[in-house]
Amino acid sequence: MAETLEGSDHTPVQRQIEGLVDEACVSRDGGDDASNGGGEAHDGRSHRSTMGGNEFLSPVSIHEQSDPLEPRASESRKRCNDKGFVTMPIEDHLKLLDWTARQAAPGKRGRTPAAIPPILVRLGLDRATVCELVSEFGRLFCCVARRPACVDSMRCHRTHRRYHLRRRARELLTTTD
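So the sequence shown is numbered by full-length UniProt numbering: it starts at 1 and just counts up by one.
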């Protein structure tokens, strides 16, 4: 089992991290992957991972105010859906995953080392709230998972009825604002 998210082979989060690193390398080096011979990535990874190794993954981020509630079919045909699933930038999502990895198995193999800085302080989230949202996600949210104000302003595309947000989910999400 990997110690860090970027070392967790064959996982979507590893591919997302590789994509972020590759984007940074391309923008820093002038935008041309062919400049390094095309065979190896800047850090030794295979050409596959730098040439769209994460293109099949749905995006992580969703803009709560402007993105539609219903799914959005992919325009590129490389994935099923072009809609994100969390209302935070991918960098914050990775920080949250990192923090969760530290909590899931303290003292066991696979735990993220303590030397890596914590993320919740920067996100402004309470540990107990995040743990409850993650562990009880299926019970807290039945149709949609968004902030209460956003859920209250939306209606089902098919029936035009308001979405219901469970009381406990509303309480937890209100405390994180």
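No residue lacks a Cβ here, since even glycine has one placed at the ideal position from N, Cα and C.
Query, Result
"Rounded separation between Arg45 and Met154 - CA only", "For Arg45, the predicted structure reports a pLDDT of 42, less than 50, and the residue's modelled location is therefore unreliable. The matter cannot be settled from this model."
"Other residues of its chain near Arg72: CB distance less than 7 Å, five sequence neighbours each side excluded", "Asn81, Asp82, Lys83"
"Cys142 to Leu165 span [Cα, whole Å]", "8 Å"
"N- and C-terminal bounds of the alpha helix (DSSP H) containing Pro148", "148-152"
"Closest Cα partner of Glu171 within the set Pro148, His157, Val134, Tyr163", "Pro148"
"Rounded distance between the beta-carbons of Gln16 and Ile90, thought under 8 Å", "6 Å"
"Per-residue burial, Arg77 [other beta carbons within 10 Å of its own, 16 or more giving buried]", "exposed"
"Simplified DSSP assignment, three categories, for Val13", "helix"
"Beta-carbon spacing of Val60, His10 below 7 Å", "no"
"Three-state secondary structure assigned by DSSP to Ser8", "coil"
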